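Using this note's numbering, the first residue of the sequence shown is number 43, and each one after it goes up by one. Scroll down for the structure; my scribbles are underneath it.
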Amino acid sequence: MNSPIQILNQYKIKPRKKLGQSFLIDMNIIKSIVNKADINKTDIVVEIGSGIGILTEYLAQKAEKVIAVELDKTLVLVLQQRLKDYVNIEINHGNILNLNFKEIADRECKKIKIIGNIPYNITNLLLFRLLYYKNNINYFTLMMQEEVVERLLSKPGKKEYGVTSVIMQMFSYMERVMDVKSSSFLPRPKVESSVIRGFFRKEYMVDLNNEELFKQIVRLSFSQRRKMVINNLKRFKLFENTSEIELKKHLQYLGIDFRRRAETLSTAEFGMLTNYISNIIKKDSVK
Numbered sequence: 043m044n045s046p047i048q049i050l051n052q053y054k055i056k057p058r059k060k061l062g063q064s065f066l067i068d069m070n071i072i073k074s075i076v077n078k079a080d081i082n083k084t085d086i087v088v089e090i091g092s093g094i095g096i097l098t099e100y101l102a103q104k105a106e107k108v109i110a111v112e113l114d115k116t117l118v119l120v121l122q123q124r125l126k127d128y129v130n131i132e133i134n135h136g137n138i139l140n141l142n143f144k145e146i147a148d149r150e151c152k153k154i155k156i157i158g159n160i161p162y163n164i165t166n167l168l169l170f171r172l173l174y175y176k177n178n179i180n181y182f183t184l185m186m187q188e189e190v191v192e193r194l195l196s197k198p199g200k201k202e203y204g205v206t207s208v209i210m211q212m213f214s215y216m217e218r219v220m221d222v223k224s225s226s227f228l229p230r231p232k233v234e235s236s237v238i239r240g241f242f243r244k245e246y247m248v249d250l251n252n253e254e255l256f257k258q259i260v261r262l263s264f265s266q267r268r269k270m271v272i273n274n275l276k277r278f279k280l281f282e283n284t285s286e287i288e289l290k291k292h293l294q295y296l297g298i299d300f301r302r303r304a305e306t307l308s309t310a311e312f313g314m315l316t317n318y319i320s321n322i323i324k325k326d327s328v329k
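Next comes the structure, spelled out in structure tokens:
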């Protein structure tokens with residue numbers, strides 16, 4: 043197998059800054075990522091941003107099938123030429139944000155595994171898209187900027203803790219499995235990267251009555267993260283005519299100090315708050 047540098051030179055490929063392209067050129071890191079992903083011969087793998095196909099090739103040697111998704115048409119042509127002898131690789135030209143993971147899982151009659159190096163400008167969009175298809179996805183192994191991983195794994199009270207932290211921690215289990223130096227890429231990015239591995243929980247951290255309400259409450263709370271919980275709740279339509287005294291009673295019932303800020307609430311506390319509000323909504327709807 044040719045090295046990434048040799049392939050880039052052979053096909054005269056120059057990274058496109060507009061697409062945030064930065065090619066992983068360290069073969070040891072590439073092999074380690076595949077090993078961390080724990081791929082076996084019964085797995086259907088969707089690879090995000092296949093690039094020149096180095097990772098794709100290693101995946102194909104371990105998986106039942108690899109569905110390689112690449113946005114850059116020039117690289118798609120390279121993939122088609124380089125990987126033409128692999129009967130278990132399906133190459134898709136398109137935007138990963140438009141991919142229907144349910145269709146793939148239904149077609150293959152099994153859940154899929156996700157692996158890829160995620161461009162910074164689509165990280166949150168992609169994470170929430172994967173979350174949307176959580177019932178069709180088995181494990182995910184994703185490389186992204188180190189600061190994003192810090193955000194995903196952050197605990198309450200830290201500056202990195204926010205909407206993405208709470209929502210992803212409620213619905214998934216994630217762990218950092220390795221760090222990747224910027225020197226492993228061409229061109230060399232200005233930031234370091236990390237790889238996380240995880241899966242979507244069958245049982246959430248809290249048994250939610252309403253998943254969409256949970257997301258809505260989390261986003262509302264962090265839209266003005268420096269405000270006290272009670273002030274954010276006042277902005278919730280359900281409580282627009284509720285007195286502050288009554289709101290304090292609601293929070294007191296849950297054991298939440300009304301003076302706390304969103305960034306101090308744990309994922310479990312957001313879950314309890316959601317269920318409590320959901321029950322109030324249900325009671326109001328039957329009056």
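Idealized CB from N, CA, C, for every residue including glycine. Since we're looking at a predicted model, the values are computed, not measured.
Per the DSSP calculation, residue i is bridged to which residue(s)?
| i | result |
| --- | --- |
| H292 | DSSP output for H292 lists no bridge partner at all. |
| S235 | Q187 and V222 |
| K155 | V87 |
| F182 | I156 and G240 |
| R303 | M270 |
| N163 | N163 pairs with nothing; no bridge assigned. |
| N134 | V111 |
Does the beta-carbon of residue i have 16 or more other beta-carbons within 10 angstroms, so that it is buried, or is it exposed?
| i | result |
| --- | --- |
| P46 | buried |
| M212 | buried |
| D85 | buried |
| K107 | buried |
| N178 | buried |
| S214 | buried |
| I323 | exposed |
| E245 | exposed |
| R124 | buried |
| G199 | exposed |
| Y203 | buried |
| R193 | buried |
| G136 | exposed |
| L121 | buried |
Does DSSP put residue i in a helix, a strand or coil?
| i | result |
| --- | --- |
| L228 | strand |
| Y215 | strand |
| N142 | coil |
| N317 | helix |
| N177 | helix |
| M43 | coil |
| F278 | coil |
| L323 | The sequence as given places Ile at residue 323; Leu does not occur at that position. Note: I323 maps to helix in three-state DSSP. |
| S207 | helix |
| I287 | helix |
| E150 | helix |
| E202 | coil |
So is residue i in contact with chain B if we call contact Cβ pairs under 7 Å?
| i | result |
| --- | --- |
| V87 | Absent here is chain B; the protein component of the structure consists of one chain. |
Going along the chain, which unbroken runs of the alpha helix (DSSP H) with 4 or more residues stay wholly within the segment 50-132? Correct list: 69-79, 96-102 and 115-124.
Where are the alpha helix (DSSP H) runs, 4 residues long or more, that stay fully inside the segment 232-276, in chain order? 253-265 and 271-276
Determine contact between the segment 77-96 and the segment 152-160, defined as no fewer than three beta-carbon pairs at a distance below 8 Å. yes
At least three beta-carbon pairs within less than 8 Å, the segment 199-218 to the segment 134-152: Touching, no, given that fewer than three Cβ pairs across the two stretches are closer than 8 Å.
Validate contact between the segment 269-279 and the segment 229-242 using beta carbons, cut 8 Å, 3 pairs: no
Are three or more beta carbon pairs between the segment 93-101 and the segment 55-65 nearer than 8 Å? Segments in contact, yes.
Are the segment 213-232 and the segment 57-68 touching by the rule of at least three beta carbon pairs closer than 8 Å? yes
Does the segment 262-270 come within contact of the segment 296-314, defined as at least 3 CB pairs closer than 8 Å? By the criterion of at least three beta-carbon pairs nearer than 8 Å, the segment 262-270 is in contact with the segment 296-314.
Are at least three pairs of beta-carbons, each pair with one atom in the segment 110-118 and one in the segment 163-174, less than 8 Å apart? Contact fails: fewer than three Cβ-Cβ distances are below 8 Å.
Pair every Cβ in the segment 246-265 with every Cβ in the segment 176-190, then say whether three or more of these pairs are closer than 8 Å. no
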